[in-house]
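Input: a single structure, listed below in structure tokens.
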């Protein structure tokens with residue numbers, strides 16, 4: 001799989017153009033692989049509950065749920081967990097809109113898999129763990145993300161990753177999904193000139209992520 | 001949103017945001033841990049110059065479930081009974097560093113006046129109107145809209161819940177802040193409000209309101225999607241607004257006989273406290289169509305939503321407190 005997809009010229013105007021790093025098929029294959037990995041590490045579908053973090057974690061969780069249902073010939077409960085109220089940066093911006101929380105089954109004793117599109121600082125996942133704690137006491141909590149772009153600010157890591165994507169912190173990663181955006185792709189917008197520290201390393205280190213990518 | 005002073009100030013999109021968030025908040029009410037951390041470190045003061053059960057306690061629960069610190073000050077037992085002015089009381093409380101003041105006062109415009117004093121003095125306190133005189137009671141209208149929206153959505157998820165609905169508001173319109181807030185909000189949401197009252201209980205200037213005004217309840221009932229009964233304020237009964245309570249009930253009470261006139265399943269609302277047997281019969285209050293307890297439950301969710309909208313983000317100055 002190439003890290004350099006075709007240039008995306010859909011956003012006119014100034015500034016660097018976004019570069020596609022995953023197309024719709026690649027996203028589908030990553031989801032299928034993650035679905036298998038989750039089932040494998042859980043030794044089946046028993047007690048699994050998938051909770052997507054709005055906005056794009058929710059359709060991702062549904063995709064994973066469908067893929068797992070096909071493999072196991074059973075239905076996997078899929079819901080959503082909004083973490084807005086638990087964020088640590090509420091006071092730093094205007095009032096944020098709150099998404100849906102829909103937990104389909106009691107999570108006490110369940111194995112909850114949190115699903116999000118991009119893992120970055122880890123603060124969203126921290127908030128999600130707090131939110132889960134108010135809903136019940138799962139037996140275990142796992143984390144599945146489509147893209148891990150590094151730059152963690154908290155001691156959090158993903159259990160299942162669709163793609164490790166080395167980035168600089170000034171770069172922007174965008175996940176678009178058919179269900180929300182009408183098109184499925186992952187793009188990186190390079191840092192505007194001069195906005196990046198030239199001495200800064202890419203995280204995760206490309207040297208060890210390359211071998212994990214395929 | 002800086003303050004919530006009047007339902008008439010709210011845009012359609014703001015109302016939708018408040019009601020949608022209230023749906024999420026309603027889910028918290030049924031959770032084992034009824035607590036969200038969103039307003040941790042914020043302080044809300046309920047400043048009530050008039051009696052209240054449900055409004056004060058639901059504001060208190062709403063604040064507490066969002067992790068704010070909430071204290072209650074009522075006129076009885078405070079310096080107000082020693083003759084302190086509204087300005088001094090309000091500024092005293094605000095000076096303690098609180099984030100929001102929920103004000104109920106017998107004078108129309110008291111919360112607006114408080115908001116103006118805060119602006120003059122550069123105090124960033126948010127003001128929520130919990131009922132001012134005969135002016136407005138915006139959170140009541142919001143919870144009424146929430147309750148009706150939910151009801152109609154459940155019946156017919158396909159169509160807009162409130163646009164095009166006819167809602168009768170029946171009773172003492174003149175003294176009712178609930179009626180004024182509901183007229184403003186329901187109209188904003190595209191519903192048609194029909195005010196029904198004896199001519200003595202219709203305020204002057206009502207012809208300029210965006211409503212239909214009727215005096216015969218029996219004529220109106222078969223033709224509305226919902227009916228909202230207002231409390232007869234017994235304290236005003238000697239004012240000559242109507243001859244006797246009995247006569248009021250005959251003309252404007254939602255009696256058992258009148259239930260038959262309503263469309264099947266048409267919801268019945270009442271802001272409480274009810275005078276059973278006067279403006280509403282026990283048959284109506286406890287009927288299958290009654291949403292009166294749903295309204296009370298909605299009160300907490302709607303007030304949580306409003307508190308979050310006002311206090312959930314950065315202060316307008318951009319400063320992090």
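Residue numbers (this note's numbering), protein chains in the order written: chain A, 1 to 214; chain B, 1 to 321. Note that the Cβ used here is the ideal one computed from N, Cα and C, for glycine as well.
(request) Give the straight-line distance between the Cα atoms of residue 94 of chain A and residue 116 of chain B, rounded to the nearest whole angstrom. (result) Residue 94 of chain A and residue 116 of chain B: Cα-Cα distance of roughly 22 angstroms.
(request) Could you name the residues of chain B that residue 98 of chain A contacts, counting a contact when the two beta carbons are closer than 7 angstroms? (result) Chain-ordered, the chain B residues with CB closer than 7 angstroms to the CB of residue 98 of chain A read 21, 24.
(message) Strictly under 9 angstroms for the Cβ-Cβ distance: is residue 135 of chain A near chain B by that measure?
(response) Residue 135 of chain A counts as touching chain B.
(request) Specify the secondary structure class of residue 29 of chain A as computed by DSSP and reduced to three states. (result) It is helical.
(request) Could you work out which residue in A:174, A:178, A:192 is closest to residue 21 of chain A when comparing CA atoms only? (result) Closest option to residue 21 of chain A, judged by alpha-carbon separation, among A:174, A:178, A:192: A:174.
(request) Return the residues of the segment 22-51 of chain B that lie within a Cβ-Cβ distance of less than 8 angstroms from chain A, sorted by chain order. (result) Within the segment 22-51 of chain B, the residues whose Cβ lies closer than 8 angstroms to some Cβ of chain A are 24, 27, 31, 32, 33, 35, 36, 37, 38, listed in chain order.
(request) Report the partner residues of residue 148 of chain A according to the DSSP bridge assignment. (result) Partner(s): A:119, A:164.
(request) Can you check DSSP and say which residues form a bridge with residue 57 of chain B? (result) Answer is none; residue 57 of chain B lacks a bridge partner.
(message) Taking beta-carbon pairs under 9 angstroms, can you tell me which members of the segment 306-317 of chain B lie near chain A?
(response) Those would be 308, 309, 310, 311, 312, 313, 314, 315, 316, in chain order.
(request) Starting from residue 129 of chain B, follow the beta strand (DSSP E) in both directions and report where the run begins and ends. (result) First-last of the beta strand (DSSP E) with residue 129 of chain B: 126-132.
(message) Taking a contact to mean a Cβ-Cβ separation below 9 angstroms, would you say residue 114 of chain A touches residue 57 of chain A in this structure?
(response) Yes; because the gap between Cβ atoms is below 9 angstroms, this pair is in contact.
(request) List the residues that DSSP assigns as beta-bridge partners of residue 226 of chain B. (result) BP columns for residue 226 of chain B point to B:167.
(request) Mind checking which residues open and close the alpha helix (DSSP H) that includes residue 48 of chain B? (result) First-last for residue 48 of chain B: 43-48, but that is the beta strand (DSSP E), not the alpha helix (DSSP H).
(message) Check this for me: beta carbons of residue 18 of chain A and residue 189 of chain A, under 9 angstroms apart or not?
(response) Result yes, Cβ atoms of residue 18 of chain A and residue 189 of chain A sit closer than 9 angstroms.
(request) Mind listing the chain B neighbours of residue 90 of chain A? Cutoff is C-beta to C-beta under 7 angstroms, in chain order. (result) One finds 38, 312, 313 in chain B with Cβ atoms closer than 7 angstroms to the Cβ of residue 90 of chain A, taken in chain order.
(request) State buried or exposed for residue 62 of chain B, treating a residue as buried only when at least 16 other CB atoms are found within 10 Å of its CB. (result) Counting C-beta atoms within 10 angstroms of its own C-beta, residue 62 of chain B has 16 or more neighbours from the protein chains shown and is therefore classed as buried.
(request) Please determine if the segment 147-156 of chain B and the segment 176-190 of chain A are in contact, where contact requires at least 3 C-beta pairs separated by less than 8 angstroms. (result) Contact fails between the segment 147-156 of chain B and the segment 176-190 of chain A, because fewer than three Cβ pairs, one in each stretch, are under 8 angstroms apart.
(request) Report the residue from A:127, A:51, A:91 whose alpha carbon sits nearest the alpha carbon of residue 312 of chain B. (result) Checked all of A:127, A:51, A:91; the closest Cα to residue 312 of chain B is A:91.
(request) Give a yes or no on whether the C-beta atoms belonging to residue 22 of chain B and residue 302 of chain B are separated by under 9 angstroms. (result) Contact: yes.
(request) Given a cut-off of 9 angstroms, decide if residue 108 of chain A and residue 138 of chain A are closer than it, judged by their beta-carbon atoms. (result) Their beta carbons are under 9 angstroms apart, which means residue 138 of chain A touches residue 108 of chain A by this criterion.
(message) With the cut-off set at 9 angstroms, would you say residue 171 of chain B and residue 179 of chain B are in Cβ contact?
(response) By the CB criterion at 9 angstroms, residue 171 of chain B and residue 179 of chain B fall inside the cutoff.
(request) Might you give, ordered along the chain, the residues of its own chain that have their beta carbon closer than 6 angstroms to the beta carbon of residue 17 of chain B, omitting 5 neighbours on each side? (result) Sequence-distant partners of residue 17 of chain B (beyond 5 residues in either direction) whose C-beta falls short of 6 angstroms from its own C-beta are missing from its chain.
(request) Kindly indicate which three-state DSSP category residue 154 of chain B falls into: helix, strand or coil? (result) In this structure, residue 154 of chain B counts as helix in the three-state DSSP scheme.
(message) Can you check whether the C-beta of residue 11 of chain B is within less than 9 angstroms of a C-beta belonging to chain A?
(response) Taking Cβ atoms only, chain A never reaches closer than 9 angstroms to residue 11 of chain B, which makes this a no.
(request) Give a yes or no on whether the C-beta atoms belonging to residue 56 of chain B and residue 46 of chain B are separated by under 9 angstroms. (result) Yes, the pair counts as a contact, with Cβ atoms nearer than the cut-off.
(request) To the nearest angstrom, report how far apart residue 232 of chain B and residue 6 of chain B are at their CA atoms. (result) Approximately 23 angstroms, taken between the alpha carbons.
(request) Confirm, please, whether the CB-CB distance from residue 144 of chain A to residue 49 of chain A is below 9 angstroms. (result) For residue 49 of chain A and residue 144 of chain A, no; Cβs fall outside 9 angstroms.
(message) According to DSSP, simplified to helix, strand and coil, what is residue 105 of chain B?
(response) DSSP, reduced to helix, strand and coil, places residue 105 of chain B within a strand of the structure shown.
(request) Check whether the Cβ of residue 77 of chain A lies closer than 9 angstroms to any Cβ atom in chain B. (result) Put simply, the CB of residue 77 of chain A is far from chain B, with every gap to its CB atoms at 9 angstroms or more.
(request) Out of B:11, B:34, B:291, B:50, state which residue places its alpha-carbon closest to the alpha-carbon of residue 133 of chain B. (result) The candidate whose alpha carbon is nearest that of residue 133 of chain B is B:50.
(request) Show which residues of chain B have a CB atom less than 7 angstroms away from the CB atom of residue 93 of chain A. (result) Result: 313, 314.
(request) Return the chain-ordered list of same chain residues with a C-beta closer than 6 angstroms to the C-beta of residue 227 of chain B, the five sequence neighbours on each side being excluded. (result) Beyond the five residues adjoining it in sequence on each side, residue 227 of chain B comes within less than 6 angstroms, by CB distance, of 168, 268 in the same chain, given in chain order.
(request) List the whole-angstrom C-beta distance separating residue 322 of chain B from residue 175 of chain B, where the pair is believed to meet the contact cut-off of C-beta under 8 angstroms. (result) Nothing can be reported for residue 322 of chain B, as the shown portion of chain B is limited to 1 through 321.
(request) Measure the C-alpha to C-alpha separation of residue 318 of chain B and residue 160 of chain B and round it to an integer number of angstroms. (result) Caution applies to residue 318 of chain B, whose pLDDT of 39 falls short of 50 and renders its modelled position unreliable; the value that the coordinates give is listed next. Looking at the two C-alpha atoms, the distance is approximately 37 angstroms.
(message) With a threshold of 9 angstroms between beta carbons, is residue 17 of chain B in contact with chain A?
(response) Closer than 9 angstroms to some Cβ of chain A, the Cβ of residue 17 of chain B qualifies, so yes.
(message) Going residue by residue through the segment 274-311 of chain B, where are the continuous alpha helix (DSSP H) segments of at least 4 residues, counting only ones entirely within it?
(response) As far as the segment 274-311 of chain B is concerned, its whole alpha helix (DSSP H) runs of at least 4 residues are 282-285, 292-311.
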